[in-house]
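Asker: Everything in the sequence shown is counted per the working numbering, starting at 1 for the first residue and increasing by one. What follows is a structure written as structure tokens; I'll ask about it next.
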Amino acid sequence: MSRVETLIDRCRAAGQGHVLAHWDGLRPKQQANLLAQLDGLDFELLKTLQGLIRQGVPTASSQTFVPPDVFPLVRDDTQQREAARAVLEGERLQAEGKVGFVLVAGGQGSRLGYDGPKGCFEVGPLSGRTLFGWHAARLLAGRARYGGGGPWYIMTSATNDAATRAFFEEQDFFGMDPDDVFFFTQRMLPALDLEGRILLSAPDSLFLAPNGHGGTLEALASSGALAHASARGVELLSYFQVDSPVARPTDPLFLGLHSLASAQMSSKVVKKRSADEKVGVLGLVDGALGCIEYSDLPDDLRGATAPNGELLFHAGNIANHILNVEFVEQLTSSGLNLPWHVARKTMQVFDPEEGQRACDGVKFETFVFDALGQSKNSVTLEVDRRTEFSPVKNAAGSDSPQTCRADMANTFAEWVVAAGGDLPAQGPDGFPLIEVDPRVAECRQEFLDLWPLQAEDLGGGQLYS
Ligand code: UTP
1 MSRVETLIDR CRAAGQGHVL AHWDGLRPKQ QANLLAQLDG LDFELLKTLQ GLIRQGVPTA
61 SSQTFVPPDV FPLVRDDTQQ REAARAVLEG ERLQAEGKVG FVLVAGGQGS RLGYDGPKGC
121 FEVGPLSGRT LFGWHAARLL AGRARYGGGG PWYIMTSATN DAATRAFFEE QDFFGMDPDD
181 VFFFTQRMLP ALDLEGRILL SAPDSLFLAP NGHGGTLEAL ASSGALAHAS ARGVELLSYF
241 QVDSPVARPT DPLFLGLHSL ASAQMSSKVV KKRSADEKVG VLGLVDGALG CIEYSDLPDD
301 LRGATAPNGE LLFHAGNIAN HILNVEFVEQ LTSSGLNLPW HVARKTMQVF DPEEGQRACD
361 GVKFETFVFD ALGQSKNSVT LEVDRRTEFS PVKNAAGSDS PQTCRADMAN TFAEWVVAAG
421 GDLPAQGPDG FPLIEVDPRV AECRQEFLDL WPLQAEDLGG GQLYS
């Protein structure tokens, strides 16, 4: 039996014969493309995914929710001493090259609607520095401050891998040693219609979507990144997302608290603005730590308050984690076991009979925070939202390029005022045109310690670089 016949049989047996119904009308190159994708399909997994559409994702009938212990932003004396010790530990780990950095940039960025990898999007309030540029500057800053920075692992997906690598080449790796930058791609999964049939995006292509940021763990193992990290003596991975340029992956406090607690996976959180803010919060569900999605937290608990008046469930997840290399090895050694999340979407698909058309279907993802439940110990560190979390998700409105630029510029302005400096004029978007390169200072105290500083005049704005 030829390779094509075998595949046709396999697809038919799996109830997916329709994807080859137009086979004879395809050109040889198109046939080769489609064949290559079908060859890579995991038919066993496909059965599991089809089952999820039929049954829905199972949820326990009566769950208990308990808020996690949070290492707070406002600290008492004991916590301040603990934090000081942790900072030293975090600095030591970096100086000894024990920390690697994992940036997840495989998402589709559909809400932003930018044509290209999201990391190439420009967000510097004055310089127009790109998201990738901010992350690189922060890693370089860490190397200069603590010495011995570990490798940078960057997860892409099939759709943006080539463009991401080309951008790094074009930017000369932002001044990093290319040997310290390791690209790896996550797996793509087919989208299905509501009957579980594979959808096509073009005559010669399945409708494929990245398998969610939970796919990072599997991809770290299968790409050789984990082995690379071990060979380089890396013990901890600092995980962060492409869309928030203010994330601080080299933060010694976070690394140190995690290490001193002998934790396997830890998280940074910000205080929820209100009970109705639609963010996932960290909490224990039936005793296991995880991220509780907004809609999964019962109404009475969503607004419940502690005796001090604060929300009981206030620990908003910002997707900054530390993971031990050993923990990821353990999670992935015999097949990763993370729950599936099913997202229903309307997609533009190719139909062999009707051509392009809209179709309701489902995509499947796993989420990295679902691994928290398998972590023996875990630290939940509260950080200041304004200075550490300002993602670019939407094209306009909340969490957009405008809010991100304003958050950054207002933070920098606050540092300058605290230092006794003068502010530049407000720009057209209502915030002062001011920017501080992370290599100069990454937090208020560092900036104050360096004052007086000379700013470069850039179009009437102040650039501290
Ligand atoms: P989001 O959940 O914001 O998804 O990803 P997204 O795909 O980037 O954007 P939308 O929802 O289509 O608008 C949060 C982070 O996780 C990464 C993203 O690149 C971003 O850094 N991510 C998400 C992946 O790396 N892979 C995925 O499959 C999903």
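Ideal placement from N, C-alpha and C gives every residue a C-beta, glycine not left out.
Please write down, chain order preserved, every residue whose beta carbon lies under 7 Å from a heavy atom of the ligand UTP.
Answerer: My final list is V104, A105, G106, G107, Q108, G109, S110, R111, L112, K118, M155, S157, Q186, P210, N211, G212, H213, G215, T216, Q241, V242, D243, A319, E365 and K393.
Asker: Who are the near neighbours of L140 in its chain, counting only those whose CB is closer than 7 Å to its CB and skipping five residues on each side?
Answerer: Position 140 of the sequence shown, counted from the start, is the residue given in the question as residue 140. Excluding residues within five positions, the ones whose Cβ falls inside 7 Å are G175, M176 and R439.
Asker: Can you tell me whether G459 is buried or exposed, with buried defined as 16 or more other CB within 10 angstroms of its CB?
Answerer: Counted from its first residue, the sequence shown places residue 459 at position 459. Answer is exposed; the Cβ neighbour count stays below 16.
Asker: Which residues mark the beginning and the end of the alpha helix (DSSP H) in which P72 is found?
Answerer: Start at 1 with the first residue of the sequence shown, and residue 72 comes out as number 72. Premise fails: P72 is in no alpha helix (DSSP H) and is neither H nor E.
Asker: Relative to the alpha-carbon of F182, which residue among E195, F168 and P190 has its alpha-carbon at the smallest distance?
Answerer: As a position in the sequence shown, residue 182 is number 182, starting the count at 1. Ranking E195, F168 and P190 by Cα distance to F182 puts F168 first.
Asker: Could you work out which residue in L448, A315, P452 and F447 is closest to R385 when comparing CA atoms only?
Answerer: Taking the first residue of the sequence shown as position 1, residue 385 is located at position 385. Here the closest residue by C-alpha is A315.
Asker: Here's the rule I'm using: 16 or more other beta-carbon atoms within 10 Å means buried, otherwise exposed. How should F43 be labelled?
Answerer: Taking the sequence shown and counting its residues from 1, one reaches residue 43 at position 43. Flag for F43 reads exposed.
Asker: For D243, which three-state DSSP category applies?
Answerer: Against the sequence shown, residue 243 aligns to sequence position 243. Three-state DSSP puts D243 in coil, outside helix and strand.
Asker: Are three or more beta carbon pairs between the segment 213 to 223 and the segment 249 to 267 nearer than 8 Å?
Answerer: Judged by Cβ distances under 8 Å, the segment 213 to 223 makes no contact with the segment 249 to 267, as fewer than three pairs qualify.
Asker: Ends of the beta strand (DSSP E) at N320?
Answerer: For this step, residue 320 is matched to residue 320 along the sequence shown. Unbroken beta strand (DSSP E) run through N320: A315 to N324.
Asker: Rounded to whole angstroms, how far is the Cβ of D180 from the Cβ of W152, which I believe are closer than 8 Å?
Answerer: On the sequence shown, residue 180 is found 180 positions in, with the first residue counted as 1. On the sequence shown, residue 152 is found 152 positions in, with the first residue counted as 1. Indeed they touch by this definition, with Cβ atoms about 6 Å apart.
Asker: If we count the other Cβ atoms within 10 Å of its Cβ and call it buried at 16 or more, is G113 buried or exposed?
Answerer: Residue numbering aside, residue 113 sits at position 113 when the sequence shown is read from its first letter. Exposed: under 16 other Cβ atoms inside 10 Å.
Asker: Judging by CA-CA distance, which residue of V279, A263, V285 and K363 is the nearest neighbour of F327?
Answerer: Counted from its first residue, the sequence shown places residue 327 at position 327. Among V279, A263, V285 and K363, the Cα nearest to that of F327 is on A263.
Asker: In whole angstroms, what separates the C-alpha of Y464 from that of C404?
Answerer: Numbered from its first residue, the sequence shown carries residue 464 at position 464. Numbered from its first residue, the sequence shown carries residue 404 at position 404. One C-alpha to the other measures close to 18 Å.
Asker: V362 and L126 - do their beta-carbons sit closer together than 9 Å?
Answerer: As a working mapping, residue 126 is identified with position 126 in the sequence shown. As a working mapping, residue 362 is identified with position 362 in the sequence shown. In this structure, V362 does not lie closer than 9 Å to L126 by Cβ.
Asker: So which of D204, D77 and Q186 has the shortest CA-CA distance to G355?
Answerer: The sequence position of residue 355 within the sequence shown is 355, counting from 1. It is D204 whose Cα lies nearest to the Cα of G355.
Asker: Does W152 come out as helix, strand or coil in the three-state DSSP assignment?
Answerer: Position 152 of the sequence shown holds residue 152. Reduced to three states, the DSSP call for W152 is strand.
Asker: Nearest-angstrom Cα distance between S343 and F350?
Answerer: As a position in the sequence shown, residue 343 is number 343, starting the count at 1. As a position in the sequence shown, residue 350 is number 350, starting the count at 1. Strictly speaking, residue 343 in this sequence is Ala, with Ser absent from that position. Using only the alpha carbons, I get a separation of about 20 Å.
Asker: Checking 9 Å against the spacing of the C-beta atoms, do F207 and T164 come in under that value?
Answerer: Sequence index remark: in the sequence shown, residue 207 carries index 207 (1-based). Sequence index remark: in the sequence shown, residue 164 carries index 164 (1-based). Cβ distance not < 9 Å, so F207 and T164 don't count as in contact.
Asker: Quick one: any contact between the segment 236 to 247 and the segment 70 to 80, if contact means 3 or more CB pairs under 8 Å?
Answerer: With the cut-off at 8 Å, the segment 236 to 247 and the segment 70 to 80 do not touch.
Asker: Just to confirm my understanding: we take R85, look at its own chain, exclude 5 residues before and 5 after, and list those with CB closer than 8 Å. What are they?
Answerer: For the purposes of this step, residue 85 is taken as residue 85 along the sequence shown, with counting starting at 1. Excluding residues within five positions, the ones whose Cβ falls inside 8 Å are G256 and L260.
Asker: Applying the criterion that 16 or more other CB atoms from any shown protein chain within 10 Å of the CB defines a buried residue, is G212 buried or exposed?
Answerer: Here residue 212 refers to the residue found at position 212 of the sequence shown. Looking at its Cβ environment, which holds 16 or more other Cβ atoms inside 10 Å, G212 is buried.
Asker: So what's H22 in DSSP terms, helix, strand or just coil?
Answerer: In the sequence shown, the residue the question calls residue 22 occupies position 22. Here H22 sits in coil by DSSP.
Asker: For the segment 235 to 286, which segments carrying the beta strand (DSSP E) assignment without a break, of at least 3 residues, lie completely within its bounds, in sequence order?
Answerer: Whole beta strand (DSSP E) segments, 3+ residues: 236 to 241, 265 to 271 and 281 to 285.
Asker: Does DSSP classify L194 as helix, strand or coil?
Answerer: Within the sequence shown, the letter at position 194 stands for residue 194. Correct three-state label for L194: coil.
Asker: Counting only runs that start and end within the segment 153 to 191, where is the beta strand (DSSP E) found for 3 or more residues in a row?
Answerer: Segments of the beta strand (DSSP E) lying fully in the segment 153 to 191: 181 to 185 and 188 to 190.
Asker: Excluding five sequence neighbours on each side, which residues of the same chain lie with their C-beta closer than 8 Å to the C-beta of E293?
Answerer: By one-based count along the sequence shown, residue 293 stands at place 293. G280.
Asker: Where in the segment 376 to 445 do unbroken runs of the beta strand (DSSP E), each at least 3 residues long, occur, reported from the N-terminal end onward?
Answerer: Correct list: 380 to 382 and 434 to 436.
Asker: Output needed for G100: all residues of its chain with C-beta closer than 8 Å, excluding positions within five of it in sequence on either side, in chain order.
Answerer: Sequence index remark: in the sequence shown, residue 100 carries index 100 (1-based). Counting only Cβ-Cβ distances below 8 Å, and skipping sequence neighbours, we find G150, P151, W152, Y153, A229, R232, V234, L236, L237, S238 and V325.
Asker: Going by DSSP, what residue range makes up the beta strand (DSSP E) through Y464?
Answerer: If you number the sequence shown from 1, residue 464 lands on position 464. Element bounds for Y464: G461 to Y464.
Asker: Can you name the residues that DSSP bridges to S201?
Answerer: Walking along the sequence shown from the start, residue 201 turns up at place 201. Partner(s): none; S201 has no beta bridge.
Asker: Are there 16 or more other CB atoms within 10 angstroms of the CB of D407, so buried, or fewer, so exposed?
Answerer: As a working note, residue 407 is residue 407 in the sequence shown. Buried: at least 16 other Cβ atoms inside 10 Å.
Asker: Taking the alpha-carbon of G107 as reference, which of N377, G124, R27 and V242 has the nearest alpha-carbon?
Answerer: Indexing the sequence shown from 1 puts residue 107 at position 107. The candidate whose alpha carbon is nearest that of G107 is V242.
Asker: Could you tell me which of E82, V123, L20 and F369 sits nearest to R197, measuring between CA atoms?
Answerer: For the purposes of this step, residue 197 is taken as the residue at position 197 of the sequence shown. Selected option, being the one with the closest Cα: L20.
Asker: In the structure shown, what three-state DSSP assignment does E293 receive?
Answerer: Reading the sequence shown from its first residue, position 293 is the one you call residue 293. Looking at E293 - three-state DSSP - the assignment turns out to be coil, as it is neither helix nor strand.
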